[in-house]
Amino acid sequence: MSMHLTFRQLQVFTAVAKHQSFTRAAQALYLSQPAVSMQVRQMEEQVGLPLFEQLGRRIYLTEAGREMARYSAAITQQLEEAVQVINDLKGLAGGHIHISVATTGAYIAPYLLAAFSKLHPQVTVSMDVTNRETLLHQLAENEVDIAIMGRPPAGLALGATAFLENPLVIIAAPDHPLARIKAITLDMVATYPFIMREPGSGTRIAVEQFFEKAGVALHASIEVSSHEAIKHAVRAGMGLGIASLHTVREELLAGHLAVLDVQGMPIERHWYLVHRQGKRLSAAAQAFRDFLLNQDAARLLPA
Numbered sequence: 001m002s003m004h005l006t007f008r009q010l011q012v013f014t015a016v017a018k019h020q021s022f023t024r025a026a027q028a029l030y031l032s033q034p035a036v037s038m039q040v041r042q043m044e045e046q047v048g049l050p051l052f053e054q055l056g057r058r059i060y061l062t063e064a065g066r067e068m069a070r071y072s073a074a075i076t077q078q079l080e081e082a083v084q085v086i087n088d089l090k091g092l093a094g095g096h097i098h099i100s101v102a103t104t105g106a107y108i109a110p111y112l113l114a115a116f117s118k119l120h121p122q123v124t125v126s127m128d129v130t131n132r133e134t135l136l137h138q139l140a141e142n143e144v145d146i147a148i149m150g151r152p153p154a155g156l157a158l159g160a161t162a163f164l165e166n167p168l169v170i171i172a173a174p175d176h177p178l179a180r181i182k183a184i185t186l187d188m189v190a191t192y193p194f195i196m197r198e199p200g201s202g203t204r205i206a207v208e209q210f211f212e213k214a215g216v217a218l219h220a221s222i223e224v225s226s227h228e229a230i231k232h233a234v235r236a237g238m239g240l241g242i243a244s245l246h247t248v249r250e251e252l253l254a255g256h257l258a259v260l261d262v263q264g265m266p267i268e269r270h271w272y273l274v275h276r277q278g279k280r281l282s283a284a285a286q287a288f289r290d291f292l293l294n295q296d297a298a299r300l301l302p303a
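Going by the UniProt record's numbering, the sequence shown wraps up at 303, each residue one higher than the last.
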């Protein structure tokens, strides 16, 4: 009987056998637990025998599982060594990536890079945090390898791939009159002063398009150039704000800000990996792009 096992199946099986836990294996591989379970189930179908058995809350290798684990560990180790050798030949081991990140992206990029660096510790990274206009200029002039930003404008020679959800929410001070109300209408929030990003920012564009489509007029009482300024102004009670949920995680946990329950919210957006169309990415930049696109990037961020 022939078996058609994939390297990914062997890699997942080895991790589950090592950790004796589907959950811990999923965390180690930056995968979801259902994805790990599916890979193991497909492998068991190929083998024709169960590889794990569950007793109480723990899982154990079966006899077939123990035999498979012995070979699987050796195979995955050799394949990983082979991949490393090839990466070295490509220059990935000592490569460099120049990344430009939209200002809001600075709240997520360090976590993404930290996870990537664990797999590729020899790759060095330069990261610019800048506004949307400067970022687009850098891409147009080929000054950066890759960018992390919201959806780029149409008509530019850019390749863009969504890789992570980026919901926009309306935030308020915890003692704001709307903070305890459910199913708030857009007309209700529009009667309060808003602190917003400057015209031309990705967040401002998305917000204006959303309210215009809903037929609600929204006026910025205060314009600021950073999300930090929005958070501080909202916390001080100067008005409502609209921000990426990723940027207010710590303030929500600490009880310094509240997300309003507004009908039709959040505004669904995504983070994109962007580069010049036709640009040949370096081995290091391509590895970073593949790393983010081949897994659930949300699992790399704090809970």
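Virtual Cβ for every residue (Gly too), placed ideally from N, Cα, C.
Can you give the Cα-Cα distance for residue i and residue j, rounded to whole angstroms?
{"i": "ALA173", "j": "ASP261", "result": "13 Å"}
{"i": "ASP231", "j": "GLU208", "result": "The sequence given here has Lys at residue 231, not Asp. For LYS231 and GLU208, the distance between alpha carbons rounds to 19 Å."}
{"i": "ASN87", "j": "GLN122", "result": "11 Å"}
{"i": "ILE170", "j": "GLY215", "result": "17 Å"}
{"i": "PHE210", "j": "LEU252", "result": "24 Å"}
{"i": "SER32", "j": "LYS18", "result": "17 Å"}
{"i": "GLU45", "j": "ARG70", "result": "19 Å"}
{"i": "HIS4", "j": "GLY48", "result": "12 Å"}
{"i": "ALA109", "j": "HIS120", "result": "16 Å"}
{"i": "ARG280", "j": "GLU67", "result": "44 Å"}
{"i": "PRO50", "j": "GLN42", "result": "11 Å"}
{"i": "LEU245", "j": "HIS227", "result": "11 Å"}
{"i": "HIS275", "j": "THR203", "result": "20 Å"}
{"i": "ARG8", "j": "GLN39", "result": "8 Å"}
{"i": "THR76", "j": "GLY150", "result": "37 Å"}
{"i": "ALA236", "j": "VAL16", "result": "49 Å"}
{"i": "HIS176", "j": "MET188", "result": "13 Å"}
{"i": "GLU81", "j": "ALA74", "result": "11 Å"}
{"i": "ALA140", "j": "THR104", "result": "21 Å"}
{"i": "ALA154", "j": "LYS213", "result": "19 Å"}
Per DSSP, what kind of secondary structure is residue i in: helix, strand or coil?
{"i": "ASP175", "result": "coil"}
{"i": "HIS219", "result": "coil"}
{"i": "LEU273", "result": "strand"}
{"i": "SER100", "result": "strand"}
{"i": "GLY202", "result": "helix"}
{"i": "THR161", "result": "strand"}
{"i": "residue 308", "result": "Only positions 1 to 303 of the chain appear in this structure, which leaves residue 308 out of reach."}
{"i": "ASP128", "result": "strand"}
{"i": "ALA287", "result": "helix"}
{"i": "VAL248", "result": "coil"}
{"i": "VAL189", "result": "helix"}
{"i": "VAL123", "result": "coil"}
{"i": "VAL83", "result": "helix"}
{"i": "ALA258", "result": "strand"}
{"i": "GLY94", "result": "coil"}
{"i": "LEU156", "result": "coil"}
{"i": "SER282", "result": "coil"}
{"i": "ALA140", "result": "helix"}
{"i": "LEU292", "result": "helix"}
{"i": "MET3", "result": "coil"}
{"i": "ALA303", "result": "coil"}
{"i": "ILE108", "result": "coil"}
{"i": "SER117", "result": "helix"}
{"i": "SER225", "result": "coil"}
Can you tell which of the options has its C-alpha closest to the C-alpha of residue i?
{"i": "ARG289", "options": "VAL16, ALA106, ASP187 and HIS98", "result": "HIS98"}
{"i": "ILE267", "options": "GLN277, ILE86 and VAL259", "result": "VAL259"}
{"i": "PRO152", "options": "ALA115, THR191 and ALA102", "result": "ALA102"}
{"i": "ARG57", "options": "GLU198, PHE22, ILE75 and ALA236", "result": "PHE22"}
{"i": "GLU53", "options": "ALA64, VAL47 and GLN46", "result": "ALA64"}
{"i": "LEU218", "options": "ILE242, GLY237, ALA233 and VAL234", "result": "ILE242"}
{"i": "ALA106", "options": "LEU119, HIS270, PHE116 and THR130", "result": "THR130"}
{"i": "MET265", "options": "GLU250, LEU186 and PHE7", "result": "LEU186"}
{"i": "TYR192", "options": "SER221, LEU51 and GLU133", "result": "SER221"}
{"i": "LEU301", "options": "HIS270, ARG249 and GLY255", "result": "ARG249"}
{"i": "residue 305", "options": "LEU79, THR124 and ALA160", "result": "Residue 305 lies beyond the range of the chain shown here (1 to 303); nothing can be said about it."}
{"i": "ARG132", "options": "LEU240, ASP175, ALA285 and ALA206", "result": "ALA206"}
{"i": "PRO199", "options": "VAL224, MET188 and LEU240", "result": "VAL224"}
{"i": "LEU135", "options": "SER100, LEU113, GLY155 and MET196", "result": "SER100"}
{"i": "residue 324", "options": "LEU273, MET196 and GLN27", "result": "Any answer about residue 324 is impossible in this case: the structure gives the chain only from 1 up to 303."}
Under the DSSP definition of a beta bridge, which residues are partnered with residue i?
{"i": "PHE194", "result": "ALA220 and LEU240"}
{"i": "MET149", "result": "TYR272"}
{"i": "ILE267", "result": "LEU168"}
{"i": "ALA233", "result": "According to DSSP, ALA233 bridges with nothing at all."}
(message) Threshold first: 4 residues or longer. Then list the alpha helix (DSSP H) segments lying entirely within the UniProt domain "HTH lysR-type" (5-62), N to C.
(response) Scanning the UniProt domain "HTH lysR-type" (5-62) from its first residue to its last, the whole alpha helix (DSSP H) runs of 4-plus residues come out as 7-19, 22-29 and 33-47.
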